[in-house]
Each structure stands twice: as structure tokens, then as C-alpha cells.
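Asks:
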Amino acid sequence: MNTLNIIEKLKTENTASREELIFLIKNISDSGREVLRKAAQELTLKIFGNKIYIRGLIEMSSYCKNDCFYCGLRRSNKNAVRYRLSEQQILFCCDDGYKLGFRTFVLQGGEDGYYSDELMCGIVSEIKRRHPDCAVTLSLGERGEQSFKRLFDAGADRYLLRHETADEAHYSKLHPESMSGAYRKSLLYKLKDIGYQTGAGFMVGSPYQTAENLADDLLFIEQLRPQMCGIGPFIPHKDTIFRDCEQGSLELTLTLLSVIRLMNPYILLPSTTALGTIHPKGREIGILHGANVIMPNLSPREHRKDYAIYDNKICTGEEAAECVPCLANRMKSIGYQIVTDKGDYKSIRNSECGIRN
Ligand code: 5AD
Ligand code: FES
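If you number the sequence shown the way the working numbering does, the last residue is 386 and the count never jumps.
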């Protein structure tokens with residue numbers, strides 16, 4: 030086995046075996062990384078041009094009934110400052126975002142029982158009533174299948190639920206016993222069945238993670254075929270048991286972004302805030318490795334610092350008011366352009382760009 034041959038296979042066949050992926054993750058050199066990066070960037074440019082889709086992120090609640098070991102918002106973190114946005118506040122963020130050019134709103138939050146199906150359905154349908162040309166994406170963790178259906182019927186278009194790790198034994202090392210990796214994965218298939226454009230994803234460099242685990246994450250994405258895949262480096266949070274663990278590596282995150290792009294040419298691949306947190310140009314570098322989405326923060330400024338999933342998160346201080354122009358400039362600086370269309374996966378796939386798969 031040889032890393033360059035594996036990269037070539039990813040380029041020409043858009044796939045690789047588990048053994049090849051493990052070998053690549055363990056052995057790729059700096060020069061191999063550059064070959065991989067170029068292939069991923071070229072493919073992205075061929076399909077999407079230099080367009081970067083923007084999604085307005087509204088962090089609606091820092092309450093969470095879950096206790097994931099890695100997350101600063103876990104319920105047993107007594108130091109976390111909790112807030113939740115009212116329906117009016119959420120609608121205001123969307124109206125504001127609409128004026129800034131956003132046509133997708135991502136409502137993200139901890140698993141907060143306050144937002145009943147009834148309340149959430151009302152919020153979703155009111156956003157769609159005010160902005161019928163916009164997509165509504167939900168990222169509210171595990172809700173039951175019935176709840177997912179009701180929200181879909183109320184007008185939600187997309188749902189983001191990271192699988193976190195495809196390996197069930199590894200999943201158990203990151204979550205309390207009450208949670209299950211198999212169940213999480215089954216929910217992703219359900220979301221797709223219901224008709225959501227679905228996003229999965231995982232952390233890179235989470236505690237106990239192996240190259241084998243990452244290969245399984247890549248193969249899970251290949252099998253599920255989600256419309257979006259969010260990945261970012263693990264970053265320790267001071268009030269969790271993983272406070273002293275090492276942060277996920279920039280290089281490995283970039284390598285995986287490129288491999289995901291080659292294995293899933295049409296996928297929507299965000300260059301995440303976590304990537305921007307571990308390197309001042311992280312989001313730009315992510316784009317150059319095959320990412321094509323950024324998710325600027327539209328949350329009310331006074332709450333941003335309290336949506337503290339990990340330490341040192343960017344865009345939470347004084348500079349936060351400038352996220353949209355800042356990102357537009359950052360993208361421009363690397364030759365890319367922010368676009369405001371909804372960026373529906375289906376319309377992208379159906380466009381005539383002559384790429385198979
Ligand atoms: N570092 C990086 N990402 C994290 N997430 C949660 N905690 C951390 C952390 N410490 C990610 C998870 C979750 C998403 C909202 O944020 O993947 O799904
Ligand atoms: Fe938030 Fe630059 S993107 S300040």
C-alpha cells in the first residue's frame with residue numbers, strides 16, 4: 030500500500046477500502062497532504078465554482094438535558110451560564126439575518142425540554158411564513174421520530190445531528206450509559222426517510238479516537254450519504270472531564286475534510302467554527318481543502334459567550350458584530366465568494382456539471 034495510490038483511487042473512484050483509509054490516515058506525509066488538498070479543492074471548484082454557501086446560525090438554548098463528556102453545555106456543568114431565546118428573539122434573529130442576505134437559518138441548541146413540539150412547530154412555521162424563500166435547519170439533538178415528523182410537517186427542511194463517532198465502543202467512552210451510538214445512527218436514517226436534508230458529522234481528535242474509528246466515520250458517511258457533514262477538531266472545555274486531553278489536530282481535520290469531499294463530491298461541507306478556533310485562518314484553510322459552507326453566528330451578541338461548547342470559541346466577543354463582513358472579506362482574500370442562495374443539495378446535484386455520483 031502507498032498513500033499516493035490511495036489518493037489517486039479516491040480521486041478517480043471516489044472511494045477507498047477501510048484498510049486503505051486507515052493506512053492513509055496513519056501515513057500521509059506533508060507532500061501527500063498537498064496532493065490530496067489539491068484534488069479536493071479542484072473537485073469542489075468543478076462542482077460548486079468559487080461559491081461558498083452561508084447559513085445563519087442561531088444558538089437558541091444553552092440548556093441541555095444530556096451529559097456528553099466532551100461538551101461544555103453538559104447538564105452536570107454547574108458553571109455553565111444558561112439562557113434560552115424566546116420565539117420573538119428567534120424571529121428577530123431571522124429577520125435580521127434575512128436583511129443581511131441569509132436564506133438558511135440554523136436553529137441550534139442543547140436538548141432543552143422547554144421547546145415542546147408545539148412551540149417549535151409554531152416557530153418553524155412562522156419563520157417560513159415570514160420568509161418563504163428560506164430554508165429552516167434544525168439542530169436540536171435527539172428528539173423522537175414523531176417529533177421529527179411534526180417539525181418536518183411544520184416546514185423544517187433540514188436537520189443536523191452529528192453521529193459524533195461511528196464506532197459504538199468509542200461512542201460509549203464519550204457519552205453516559207443512557208446514550209447509544211446505534212440509536213444515534215438509526216435516528217439519522219429516520220431523518221432521511223422523513224424527507225429532511227440531513228447532516229451528520231464527527232469530531233476529529235476526540236479522546237480515545239483511533240485511525241480505525243475515523244475510517245469507520247468516513248465509511249458511515251459514505252453509506253448514509255447525508256446532504257451535509259460537519260466536522261471539526263475536538264477542543265477541550267475546562268469544566269469537563271476531558272479538560273486535560275489534547276486538542277484535535279489541524280492537519281488531520283484538513284485531511285479528513287479533503288477525503289470526505291473526494292468520497293462525497295456533492296456534499297455540503299462546512300468549514301467550522303472549531304476549525305477557526307484552533308487556527309486564525311482555520312476557516313479559510315478549510316475552504317482550500319474542499320469545504321464549501323460557512324455558518325456565521327446570528328445569535329444575540331449578549332448570549333454568544335454563553336454558548337460555550339468548548340474553550341476559546343471565536344466570534345463571541347467585541348468582534349462578533351462583524352462576522353458577516355468579516356467572513357465575506359476572508360473568503361474574498363482566498364478568491365472565493367459568499368452566495369446567498371438556499372444552496373439546496375438537490376438543485377446542486379441536478380445541475381449540469383458533468384460529475385458522476
Ligand atoms: N470540541 C469540539 N467540538 C465539540 N462539540 C461538542 N463538544 C465539543 C468540543 N469540546 C461538537 C459536537 C456537537 C457539536 C454541536 O459540537 O460534535 O455535535
Ligand atoms: Fe466572526 Fe470574523 S467571522 S468576527
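Beta carbons: idealized from backbone N, C-alpha and C, even for Gly.
Select from Ile76, Ser300, Lys310, Ser235 the residue whose C-alpha is nearest the C-alpha of Ile377.
Replies: What you label residue 377 is simply residue 348 of the sequence shown in a count that begins at 1. Nearest of Ile76, Ser300, Lys310, Ser235 to Ile377, Cα basis: Ile76.
Asks: Could you give the first and the last residue of the continuous alpha helix (DSSP H) run that contains Arg187?
Replies: As a first step, residue 187 is located in the sequence shown; it is residue number 158 there, counting from the start. It is not in any alpha helix (DSSP H) - Arg187 instead sits in the beta strand (DSSP E) that spans 187-189.
Asks: Less than 8 Å separating the beta-carbons of Thr269 and Phe98?
Replies: Stepping through the sequence shown from its first residue, residue 269 is reached at position 240. Stepping through the sequence shown from its first residue, residue 98 is reached at position 69. For Thr269 and Phe98, yes; Cβs fall inside 8 Å.
Asks: Taking 7 Å as the line, does the beta carbon of Leu304 fall inside it for any heavy atom of the ligand FES?
Replies: Here residue 304 refers to the residue found at position 275 when the sequence shown is read from its first residue. No, Cβ of Leu304 sits at least 7 Å from all heavy atoms of the ligand FES.
Asks: Go to Pro262, then tell me how far its alpha helix (DSSP H) extends in each direction, as first and last residue.
Replies: For this step, residue 262 is matched to residue 233 along the sequence shown. Segment 257-262 is the beta strand (DSSP E) holding Pro262; no alpha helix (DSSP H) there.
Asks: In three-state terms, what does DSSP make of Ala303?
Replies: On the sequence shown, residue 303 is found 274 positions in, with the first residue counted as 1. The answer is helix: DSSP assigns Ala303 an H, G or I state.
Asks: Confirm the yes/no value for this check: CB of Arg191, any heavy atom of the ligand 5AD, distance under 7 Å.
Replies: For the purposes of this step, residue 191 is taken as residue 162 along the sequence shown, with counting starting at 1. Arg191 Cβ: within cutoff of the ligand 5AD.
Asks: Rounded to the nearest angstrom, what separates Glu381 and Val135 at their Cα positions?
Replies: Sequence index remark: in the sequence shown, residue 381 carries index 352 (1-based). Sequence index remark: in the sequence shown, residue 135 carries index 106 (1-based). Residue confidence is low: Glu381 scores 46 on pLDDT, short of 50, so the model does not pin down where it sits. No coordinate-derived value is stated.
Asks: Using the Cβ count rule (16 or more neighbours within 10 Å means buried), how would you classify Val88?
Replies: The sequence position of residue 88 within the sequence shown is 59, counting from 1. As written in the sequence, residue 88 is Glu, which differs from the Val given in the question. By the neighbour-count rule (16 or more Cβ atoms within 10 Å), Glu88 is buried.
Asks: How many angstroms separate the CA atom of Arg385 from the CA atom of Leu327?
Replies: Against the sequence shown, residue 385 aligns to sequence position 356. Against the sequence shown, residue 327 aligns to sequence position 298. Note that Arg385 has pLDDT 42, beneath the 50 cutoff, so the model's placement of it is unreliable and the number below is only indicative. Going by the C-alpha atoms only, they are around 36 Å apart.
Asks: For Phe388, which residues of its own chain have a beta-carbon under 6 Å away from its beta-carbon, when the five flanking residues on both sides are left out?
Replies: No answer is possible for residue 388: it lies beyond the span of the chain, which begins at 30 and ends at 386.
Asks: For Lys80, name the three-state secondary structure that DSSP assigns.
Replies: As a first step, residue 80 is located in the sequence shown; it is residue number 51 there, counting from the start. Strand.
Asks: Bridge partners of Arg179, per DSSP?
Replies: Along the sequence shown, read from residue 1 onward, the residue named residue 179 stands at position 150. Answer is none; Arg179 lacks a bridge partner.
Asks: Checking the sheet assignment: what are the DSSP bridge partners for Gly230?
Replies: On the sequence shown, residue 230 is found 201 positions in, with the first residue counted as 1. BP columns for Gly230 point to Gly259.
Asks: Our contact map puts Leu291 next to Leu72 with C-beta atoms below 8 Å; I'd like the distance itself, whole angstroms only.
Replies: Taking the sequence shown and counting its residues from 1, the one referred to as residue 291 is at position 262. Taking the sequence shown and counting its residues from 1, the one referred to as residue 72 is at position 43. Sure, about 6 Å apart at Cβ, within 8 Å.
Asks: What three-state label does DSSP hand Met89 in the structure shown?
Replies: Taking the first residue of the sequence shown as 1, we reach residue 89 at position 60. Note: Met89 maps to strand in three-state DSSP.
Asks: Check whether the Cβ atoms of Asn242 and His199 sit closer than 8 Å, and answer yes or no.
Replies: Start at 1 with the first residue of the sequence shown, and residue 242 comes out as number 213. Start at 1 with the first residue of the sequence shown, and residue 199 comes out as number 170. Yes, the Cβ-Cβ distance between Asn242 and His199 is below 8 Å.
Asks: Mapping DSSP to helix, strand and coil, what is Phe121?
Replies: Working through the sequence shown from its first residue, we reach residue 121 at position 92. Here Phe121 sits in helix by DSSP.
Asks: Mind checking Gly467: buried by the 16 CB within 10 Å criterion, or exposed?
Replies: For residue 467 there is no data in the structure shown, the boundaries of the chain being 30 and 386.
Asks: Candidates Thr306, Ile314, Ile363: which alpha carbon is nearest Thr345's?
Replies: Translated into positions along the sequence shown, residue 345 becomes position 316. Selected option, being the one with the closest Cα: Thr306.
Asks: Thinking just about the alpha-carbon of each residue, which of Thr369, Phe231, Gly138, Ala195 is nearest to the one in Leu102?
Replies: Counted from its first residue, the sequence shown places residue 102 at position 73. Out of Thr369, Phe231, Gly138, Ala195, Gly138 has the C-alpha closest to the C-alpha of Leu102.
Asks: Give the C-beta separation of Ile260 and Thr301 to the nearest angstrom, bearing in mind that I take them to be a contact with Cβ-Cβ under 8 Å.
Replies: Walking along the sequence shown from the start, residue 260 turns up at place 231. Walking along the sequence shown from the start, residue 301 turns up at place 272. Yes, they are in contact, since the Cβ atoms of Ile260 and Thr301 sit about 7 Å apart, within 8 Å.
Asks: Expressed to the nearest angstrom, what Euclidean distance is found between the alpha-carbon atoms of Cys100 and His266?
Replies: Position 71 of the sequence shown, counted from the start, is the residue given in the question as residue 100. Position 237 of the sequence shown, counted from the start, is the residue given in the question as residue 266. Cys100 and His266: Cα-Cα distance of roughly 7 Å.
Asks: My output table needs one value for Asn137: the three-state DSSP class, helix, strand or coil.
Replies: Counting from one through the sequence shown, the residue named residue 137 turns up at place 108. Reading off the sequence shown, one finds Gln at residue 137, where the question assumed Asn. It is a strand residue.
Asks: Give a yes or no on whether the C-beta atoms belonging to Leu180 and Asp146 are separated by under 8 Å.
Replies: Residue mapping note: residue 180 aligns to position 151 of the sequence shown, counting from 1. Residue mapping note: residue 146 aligns to position 117 of the sequence shown, counting from 1. Yes. Within cutoff.
Asks: Taking the alpha-carbon positions, what's the Val110 to Asp335 distance?
Replies: Residue 110 sits at position 81 when you count from the first residue of the sequence shown. Residue 335 sits at position 306 when you count from the first residue of the sequence shown. Near 6 Å, if we compare the C-alpha coordinates of Asp335 and Val110.
Asks: Quick check: does the Cβ of Cys344 come within less than 7 Å of any heavy atom belonging to the ligand FES?
Replies: Within the sequence shown, residue 344 is the residue found at index 315, counting from 1. Yes, Cβ of Cys344 sits closer than 7 Å to a heavy atom of the ligand FES.
Asks: Determine the direct distance from the alpha carbon of Pro294 to that of Gly383, and round the result to whole angstroms.
Replies: Here residue 383 refers to the residue found at position 354 when the sequence shown is read from its first residue. Here residue 294 refers to the residue found at position 265 when the sequence shown is read from its first residue. Reliability fails at Gly383, whose pLDDT of 46 lies under 50, so the model's placement of it is uncertain and the value that follows must be treated cautiously. Their Cα atoms are separated by approximately 12 Å.
Asks: Could you tell me whether the Cβ of His160 comes closer than 8 Å to any Cβ of chain D?
Replies: Of the chains in the structure shown, none is chain D; there is only one protein chain.
Asks: Would you say Phe77 touches the ligand 5AD, meaning its beta carbon is less than 7 Å from a heavy atom?
Replies: By one-based count along the sequence shown, residue 77 stands at place 48. No; taking the cut-off as 7 Å, the Cβ of Phe77 has no heavy atom of the ligand 5AD nearer than that.
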